[in-house]
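Student: Quick note on this note's numbering: the sequence shown kicks off at 8 and runs consecutively. Idealized CB from N, CA, C, for every residue including glycine.
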Amino acid sequence: MSAAPSLDEIDVIGPDGYAREGYPHAAWRRLRRESPIHWFDLPDGVGFWAVTRRADIVWLSKQPNRFVNAPRLAIFEGGAPVEGERTFIRQLLNMDPPDHTLYRNAASGWFTPRAIGRREPEVRRIAGELLDEMAGDGELREGDFVTDLAAPLTLGVLADMLGVPRADWPRMFAWTNRVAGSADPEFSGELAASGGAVPPFEQTRNELFAYFAALAEDRRKTPRDDIVSVLSRAEIRGAPMPGLELLSYFMLLVVAGNETTRNAASGGLLALIENPGELAQLRADPSLVPTAVEEIVRWTSPVIQFCRTAVEDVELRGRRIRRGDAFCLFYPSANRDESVFADPDVFRVDRRPNPHIGFGIGEHFCLGANLARLELRVIFEELAKRLESIELAGAFERMRSSFLGGVKRMPIRYRMRPVRAGRRD
Ligand code: HEM
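1) How is residue 30 classed by DSSP in three states: helix, strand or coil?
2) Tell me which residues share the same chain as residue 131 and place their Cβ nearer than 8 Å to its Cβ, disregarding the 5 neighbours each side in the sequence.
3) Using CA atoms only, rank isn't needed, just tell me which of 217, 63, 52, 180 is closest to residue 338.
4) Could you please give the first and the last residue of the uninterrupted beta strand (DSSP E) stretch that includes residue 321?
5) How many angstroms separate the CA atom of residue 16 from the CA atom of residue 32?
6) Would residue 115 be called buried (16 or more neighbouring beta carbons within 10 Å of its own) or exposed?
7) Report yes if the CB atom of residue 219 is closer than 7 Å to the CB atom of residue 254, and no otherwise.
8) Which one or two residues does DSSP pair with residue 404 in a beta bridge?
9) What does DSSP give as the partner residue(s) for residue 75 in the beta ladder?
10) What does a CB cutoff of less than 6 Å around residue 87 pick up in its chain, not counting 5 residues either side in sequence?
11) Rounded to a whole number of angstroms, what is the C-alpha to C-alpha distance between residue 420 and residue 275?
12) Would you list, in sequence order, the uninterrupted alpha helix (DSSP H) runs of no fewer than 4 residues that lie entirely inside the segment 166-251?
13) Would the segment 293-302 count as touching the segment 314-334 if we require 3 or more Cβ pairs under 8 Å?
14) Could you check which residue in 397, 317, 399, 368 has the C-alpha nearest to that of residue 79?
15) From residue 244 to residue 250, what distance separates their C-alpha atoms?
16) Please report how far the alpha carbon of residue 430 lies from the alpha carbon of residue 135, in whole angstroms.
17) State the start and end residues of the unbroken alpha helix (DSSP H) segment that holds residue 147.
18) Taking its Cβ as the centre, do 16 or more other Cβ atoms sit within 10 Å of residue 95, making it buried, or is it exposed?
19) Quickly, what does DSSP pair residue 258 with across the bridge? List them, please.
20) Quick check on DSSP: helix, strand or coil for residue 349?
21) Is residue 310 close to the ligand HEM? I mean its beta-carbon at under 6 Å from any heavy atom of the ligand.
22) Taking 8 Å as the cut-off, does the segment 305-316 touch the segment 41-51 (at least 3 CB pairs, one atom from each stretch)?
23) Under a three-way DSSP split, which group does residue 58 fall into?
24) Alpha carbons only, please: which of 248, 394, 426, 319 is nearest the one belonging to residue 147?
25) Note the first and the last residue of the continuous alpha helix (DSSP H) segment covering residue 111.
26) List the endpoints of the continuous alpha helix (DSSP H) containing residue 359.
27) Would you give the residue range spanned by the beta strand (DSSP E) that residue 398 belongs to?
28) Considering only C-alpha positions, which residue in the set 181, 281, 69, 140 is nearest to residue 104?
29) Should residue 368 be counted as a contact of the ligand HEM given a C-beta to heavy atom distance under 6 Å?
30) Is residue 373 near the ligand HEM, judged by its Cβ being under 6 Å from some heavy atom?
31) Assuming residue 423 and residue 138 form a contact by the criterion Cβ under 8 Å, report the distance between their Cβ atoms to the nearest whole angstrom.
32) If you follow the alpha helix (DSSP H) that residue 138 is part of, which residue opens it and which one closes it?
33) State the beta-bridge partners of residue 46 as determined by DSSP.
34) Please list the terminal residues of the continuous alpha helix (DSSP H) segment that includes residue 122.
35) Are the CB atoms of residue 262 and residue 170 within a distance shorter than 7 Å?
36) List the endpoints of the continuous alpha helix (DSSP H) containing residue 290.
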């Protein structure tokens, strides 16, 4: 029998493990128990403190002036394809107060519970159309949940809020895959293979910026009721939002709004398939959907990590942290913290209380949380009503990323009631 690896040999940041096996829950459990603030070296010479307990992530996140976002967005092995270099991309997640507050306020009116609540009929209409398409005539069918429902729903809802015309949605889909999957050869490879001198992430960023620059120009002249109109006319300290910040804002919304909810929906359905008792309970009592949604976010934790940097020396759980050191906040680990959650490795649609921090906490708490919750509620309410049977029909394929827990494919075999047919009579 081989001995357990030493803590320093554990790999929680290499993307290959995430693609092959999913989240390293066993490693996080050990870190929480043995070394909740643990230093890891990285091959590029810059290391990081892995933070794995919920209380420590909350403590760090609630002190935005001592532990800042600007220098590093997240921890990436061998360089940082999405690192927030100020000249390249500058958005909420690599800003700090007071700028962060001003920029966040520019869009926050679109994401309040009331504003998002008004979108429910539209979200339900898009979900209904996609589900009717999937259902056929109620016969046994096969499909891919990611491409048939999770991806087009989240993309469509957000594109509509931004004001992106329907014909351009496929482009948005490709961009978000390429940004979030920049460590995955399936998404970055095709660009690299096209022989361009520009690195794949940068090329995607340039395309997306060019597209939204044109759209913003149009909306400045002829404003409509959409986010591009609002942000392209917004003022920061009495002056128009600068171009880099404006275009980075759109990029943030496109990626954050698509890559996360899509993966919560797919991972949530997988959890229900793997826990048939929970699926049966949800179908029997759809009023459980809101608590099931919270459990799905806890269970799937689609954002794996963000980073904070210490602006002063500090001691934390006996560790001496130096000014400039990076902390990697592992949200999925916090969401399985045994000192907070009873039976953390059990998926329960009726879990209460459920103080997960899948949407983060503090200053940068997810701007889209109300939207994500609405989309997930609608998806699982509709599925609870319509699904007659469901099973996996092939491998659940994960993206090669230790930043966002992406799902590339989720083949399913199912039978679903076609509501459309009912509506006709
Ligand atoms: C289940 C789905 C989602 C999850 C799990 C998620 C998770 C997160 C997390 C962990 C953060 C960082 C919080 C922190 O640092 O404390 C964040 C920030 C953010 N999210 Fe989400 N998110 C989701 C859906 C969305 C959606 C649908 C949008 C819509 C546009 C969105 C937009 C944002 C934005 C703009 C930020 C930056 C906020 C800031 O820095 O002030 N997210 N999200």
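Tutor: Reading from the atomic positions:
1) Looking up residue 30 in the sequence shown gives position 23. If DSSP states are grouped into helix, strand and coil, residue 30 belongs with coil.
2) To locate residue 131, count along the sequence shown from 1; it is residue 124. Cβ neighbours of residue 131 beyond the five flanking positions: 385, 389.
3) As a first step, residue 338 is located in the sequence shown; it is residue number 331 there, counting from the start. The residue with the shortest Cα to Cα distance from residue 338 is 63.
4) Taking the first residue of the sequence shown as position 1, residue 321 is located at position 314. 321-323 is the extent of the beta strand (DSSP E) around residue 321.
5) Here residue 16 is taken as the residue at index 9 of the sequence shown, counted from 1. Here residue 32 is taken as the residue at index 25 of the sequence shown, counted from 1. So the two alpha carbons sit approximately 15 Å from each other.
6) Taking the sequence shown and counting its residues from 1, the one referred to as residue 115 is at position 108. Classification of residue 115: exposed, given that the 10 Å Cβ count is below 16.
7) In the sequence shown, residue 219 corresponds to position 212, counting from 1. In the sequence shown, residue 254 corresponds to position 247, counting from 1. The answer is yes: Cβ separation under 7 Å.
8) Counted from its first residue, the sequence shown places residue 404 at position 397. Its beta-bridge partners are 416.
9) The count along the sequence shown starts at 1 and reaches residue 75 at position 68. DSSP lists 316 as partners of residue 75.
10) The count along the sequence shown starts at 1 and reaches residue 87 at position 80. In this prediction, residue 87 has a pLDDT of 49, which is less than 50 and means its spatial position is unreliable; what the coordinates show is noted afterwards. Once the five neighbours on either side are set aside, residue 87 has no close Cβ partner at all.
11) Translated into the one-based positions of the sequence shown, residue 420 becomes position 413. Translated into the one-based positions of the sequence shown, residue 275 becomes position 268. The alpha-carbon atoms of residue 420 and residue 275 are separated by roughly 16 Å.
12) 176-187, 192-200, 207-228, 234-239
13) no
14) Numbered from 1 along the sequence shown, position 72 holds the residue referred to as residue 79. With distances taken between Cα atoms, residue 79 lies closest to 317.
15) Residue mapping note: residue 244 aligns to position 237 of the sequence shown, counting from 1. Residue mapping note: residue 250 aligns to position 243 of the sequence shown, counting from 1. So the two alpha carbons sit approximately 15 Å from each other.
16) The count along the sequence shown starts at 1 and reaches residue 430 at position 423. The count along the sequence shown starts at 1 and reaches residue 135 at position 128. For residue 430, the predicted structure reports a pLDDT of 48, less than 50, and the residue's modelled location is therefore unreliable. The matter cannot be settled from this model.
17) Working through the sequence shown from its first residue, we reach residue 147 at position 140. Neither: residue 147 is in no alpha helix (DSSP H) and is coded neither H nor E.
18) Looking up residue 95 in the sequence shown gives position 88. Its Cβ having fewer than 16 others within 10 Å, residue 95 is exposed.
19) For the purposes of this step, residue 258 is taken as residue 251 along the sequence shown, with counting starting at 1. Answer by DSSP bridge pairing: none, since residue 258 is not bridged.
20) Along the sequence shown, read from residue 1 onward, the residue named residue 349 stands at position 342. Looking at residue 349 - three-state DSSP - the assignment turns out to be coil, as it is neither helix nor strand.
21) Here residue 310 is taken as the residue at index 303 of the sequence shown, counted from 1. For the ligand HEM, at least one heavy atom lies less than 6 Å from the Cβ of residue 310.
22) no
23) In the sequence shown, the residue the question calls residue 58 occupies position 51. Here residue 58 sits in strand by DSSP.
24) Within the sequence shown, residue 147 is the residue found at index 140, counting from 1. Nearest of 248, 394, 426, 319 to residue 147, Cα basis: 394.
25) Position 104 of the sequence shown, counted from the start, is the residue given in the question as residue 111. First-last of the alpha helix (DSSP H) with residue 111: 106-115.
26) For the purposes of this step, residue 359 is identified with residue 352 of the sequence shown, where counting begins at 1. Per DSSP, residue 359 belongs to no alpha helix (DSSP H) and is neither H nor E.
27) The residue you call residue 398 lines up with position 391 of the sequence shown. Its beta strand (DSSP E) spans residues 394-399.
28) For the purposes of this step, residue 104 is identified with residue 97 of the sequence shown, where counting begins at 1. Out of 181, 281, 69, 140, 69 has the C-alpha closest to the C-alpha of residue 104.
29) Numbered from its first residue, the sequence shown carries residue 368 at position 361. Indeed, a heavy atom of the ligand HEM lies less than 6 Å from the Cβ.
30) For the purposes of this step, residue 373 is taken as the residue at position 366 of the sequence shown. Yes, since a heavy atom of the ligand HEM falls inside the 6 Å radius drawn around the Cβ of residue 373.
31) Walking along the sequence shown from the start, residue 423 turns up at place 416. Walking along the sequence shown from the start, residue 138 turns up at place 131. Sure, about 7 Å apart at Cβ, within 8 Å.
32) Working through the sequence shown from its first residue, we reach residue 138 at position 131. Counting along the chain, the alpha helix (DSSP H) containing residue 138 begins and ends at 127-142.
33) By 1-based counting over the sequence shown, the position of residue 46 is 39. DSSP output for residue 46 lists 56 as bridge partner(s).
34) Position 115 of the sequence shown, counted from the start, is the residue given in the question as residue 122. Per DSSP, residue 122 belongs to the alpha helix (DSSP H) from 120-124.
35) Residue numbering aside, residue 170 sits at position 163 when the sequence shown is read from its first letter. Residue numbering aside, residue 262 sits at position 255 when the sequence shown is read from its first letter. No, Cβ-Cβ distance for residue 170 and residue 262 is not below 7 Å.
36) Here residue 290 refers to the residue found at position 283 when the sequence shown is read from its first residue. 283-291 is the extent of the alpha helix (DSSP H) around residue 290.
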